[in-house]
């Protein structure tokens with residue numbers, strides 16, 4: 005049986021323990037730090053950074069260096085995450101996030117996804133999200149009863165998102 009890999013996490017105050025500083029090469033996802041309009045968590049591989057952003061990109065700074073996900077996100081470690089493919093703020097709840105890891109989404113794997121590049125809430129709300137991978141997308145509904153569904157079969161971005169024609 006394949007476990008679904010997304011987890012709803014409640015923010016808690018405090019800064020995680022510091023780990024040795026390393027650089028991020030490929031960014032998997034970026035989410036806001038709860039309560040700080042000028043700070044972001046940047047996830048890459050099995051690590052993350054907490055950064056402070058400024059209007060002048062040269063003034064951006066890293067808070068404490070790169071950390072492993074288990075060192076600062078015990079709740080993610082507890083549910084089996086070793087990497088984070090994507091994350092979004094839970095609609096209507098600024099202190100919670102949905103985290104995603106592809107291997108826990110058999111519907112997306114069966115639909116031909118080999119990664120989750122991005123996920124964004126549908127304007128319709130109702131816990132419906134667009135999931136993107138390469139030149140494809142699908143629509144999913146997150147059900148709090150843990151019976152998530154694929155609402156739309158995989159389609160090419162160029163055919164379903166005419167506004168992105170020529171870009172994807």
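Numbering (the numbering used here), first residue to last: 5 to 172.
All residues carry an ideal CB built from backbone N, CA and C; glycine is no exception.
All values reported here derive from a predicted model rather than from experimental measurement.
Residues near residue i by beta carbon distance below 6 Å, same chain, minus five either side
i           : result
residue 116 : 158
residue 47  : 32, 33, 88
residue 168 : 161
residue 147 : none
Simplified DSSP assignment, three categories, for residue i
i           : result
residue 31  : coil
residue 98  : coil
residue 127 : coil
residue 113 : helix
residue 105 : coil
residue 73  : helix
residue 161 : helix
The ligand FMN heavy atom lying under 7 Å from the CB of residue i
i          : result
residue 38 : Ligands are entirely absent from the displayed structure, and the ligand FMN is therefore not among its contents.
Neighbour-count burial assignment, residue i, 16 or more Cβ in a 10 Å radius
i           : result
residue 76  : buried
residue 108 : buried
residue 140 : buried
residue 53  : buried
residue 91  : buried
residue 112 : buried
Sequence-distant residues of its chain with Cβ nearer than 7 Å to residue i (five each side left out)
i          : result
residue 3  : In the structure as shown, the chain starts at 5 and stops at 172, and residue 3 therefore has no counterpart that could be examined.
residue 50 : 72, 73, 86, 87
Integer-rounded CB distance, given that residue j should sit under 8 Å from residue i
i           : j           : result
residue 176 : residue 105 : Missing from the structure shown is residue 176; the chain here goes from 5 to 172 and no further.
residue 38  : residue 121 : Their Cβ separation, rounded to whole angstroms, is 24 Å, which puts residue 38 and residue 121 out of contact at 8 Å.
Close beta carbons around residue i, own chain, < 8 Å, minus the five adjacent residues each side
i           : result
residue 143 : 126, 132, 133, 134, 135, 154, 155, 156
residue 119 : 89, 106, 137, 138
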